[in-house]
Amino acid sequence: MDWLGPEEWAAVRLSLRVAFWAVAASLPLGIFTAYALARWSFPGKQLLNGIVHLPLILPPVVTGYMLLLTFGVKGPVGSILHKIGITFAFRWEGAALAAGVMAFPLMVRAIRLSIEAVDVKLEQAGATLGASPFWVFLTVTLPMTLPGIVAGAILAFAKAMGEFGATITFVSNIPGQTRTIPSAIYAFLQVPGGEGSAMKLVLVSVAVAMAALLMSEILARRVADRVGGK
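With full-length UniProt numbering applied, the sequence shown corresponds to residues 1 to 230, in that order.
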């Protein structure tokens with residue numbers, strides 16, 4: 001892929017790094033949250049559901065600003081983390097955090113639908129045999145929801161690759177440090193002659209997004225076929 005120059009490659013590599021860690025760090029919490037929303041009844045369940053999906057309806061800039069207020073070096077959480085050497089604001093780790101927050105609703109929704117498709121009677125059968133709830137989840141629910149988990153992770157990865165508003169608000173647009181593909185496209189379009197580089201990154205973004213959608217659709221059909229007994 002010699003048609004990508006050093007600046008474009010740097011943006012692609014950083015975007016892949018950010019998206020990978022955004023998904024890897026949020027996936028355990030995403031599975032837990034999806035299971036809680038699908039199987040448990042507790043006070044504040046609808047509030048939790050609303051909070052999880054809030055990034056989908058809030059302007060991304062608002063989400064990024066809230067992250068900056070919370071995880072900035074002077075924020076309530078960021079100041080504590082900064083004292084132990086962990087900083088998110090204006091670093092690639094912050095870009096991963098912002099991308100993870102924005103992609104989290106898509107991940108949780110896909111996993112939740114997959115869990116809800118599992119017959120509760122199968123889980124109850126495992127419980128009657130003396131298995132603990134965690135063991136039932138590990139041996140019954142998790143294997144059957146794996147396609148949904150993978151689909152959710154893929155969608156979240158694609159969303160993280162394309163996140164712009166929250167990322168640029170929280171970590172700015174620093175070349176080689178926080179300049180992901182969307183930020184690089186924005187930067188190239190601000191300078192004369194940068195349209196070519198921007199178009200290359202647009203094509204990369206479209207290719208990644210289409211591949212993610214196709215893969216998630218294939219996995220979703222497999223879940224539907226399995227539930228339908230085909």
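C-beta: ideal position from N, C-alpha, C; glycine also. Please read these numbers as outputs of a predicted model, since none were measured by experiment.
Next on the checklist: Going by DSSP, what residue range makes up the alpha helix (DSSP H) through T178?
Outcome noted: Note, T178: premise wrong, no alpha helix (DSSP H); not H, not E.
Checklist entry - Taking just the CA atoms, how far does E7 sit from D181? => result Note on residue identity: the sequence assigns Ile, not Asp, to residue 181. Looking at the two C-alpha atoms, the distance is approximately 10 Å.
Checklist entry - Quick one: Cα of L113 to Cα of A10, how far? => result L113 and A10: Cα-Cα distance of roughly 36 Å.
Checklist entry - Can you tell me whether DSSP reads V140 as helix, strand or coil? => result Residue state, collapsed to three classes: helix.
Item to check | In chain order, each alpha helix (DSSP H) run of at least 4 residues that lies wholly inside the region 81 to 163 | outcome: Segments of the alpha helix (DSSP H) lying fully in the region 81 to 163: 92 to 116, 120 to 128, 133 to 136, 142 to 162.
Checklist entry - Assuming F90 and I174 make a contact with CB atoms under 8 Å, what is their CB distance in whole Å? => result Contact flag correct, Cβ pair sits at about 7 Å.
Checklist entry - Which residue's Cα is closest to the Cα of L29: A96, G100, R17, L4? => result Closest in C-alpha terms to L29, from the list A96, G100, R17, L4, comes G100.
Checklist entry - From what residue to what residue does the alpha helix (DSSP H) around S15 run? => result For S15, the enclosing alpha helix (DSSP H) begins and ends at 6 to 39.
Checklist entry - My guess is that residue 232 and T63 are in contact by the Cβ rule of under 8 Å, so how many angstroms apart are they, rounded? => result Absent from the structure is residue 232, since the part of the chain shown begins at 1 and ends at 230.
Item to check | Through-space distance from I57 to A207, alpha-carbon basis | outcome: Their Cα atoms are separated by approximately 25 Å.
Next on the checklist: For the pair the region 104 to 121 and the region 136 to 152, tell me if three or more CB-CB distances fall below 8 Å.
Outcome noted: With the cut-off at 8 Å, the region 104 to 121 and the region 136 to 152 touch.
Checklist entry - Quick one: what does DSSP say L79 is sitting in, helix, strand or coil? => result Checking the displayed sequence, the identity of residue 79 turns out to be Ser instead of Leu. DSSP places S79 in helix when its eight states are reduced to three.
Next on the checklist: Looking at the secondary structure, which residues open and close the alpha helix (DSSP H) in which Q46 lies?
Outcome noted: Q46 -> alpha helix (DSSP H) spans 45 to 57.
Checklist entry - At what residues does the alpha helix (DSSP H) containing P192 begin and finish? => result No alpha helix (DSSP H) holds P192; DSSP gives it neither H nor E.
Checklist entry - Excluding five sequence neighbours on each side, which residues of the same chain lie with their C-beta closer than 7 Å to the C-beta of G194? => result Cβ within range, chain order: F188.
Checklist entry - Taking just the CA atoms, how far does F20 sit from F104? => result Roughly 13 Å separates the two Cα atoms.
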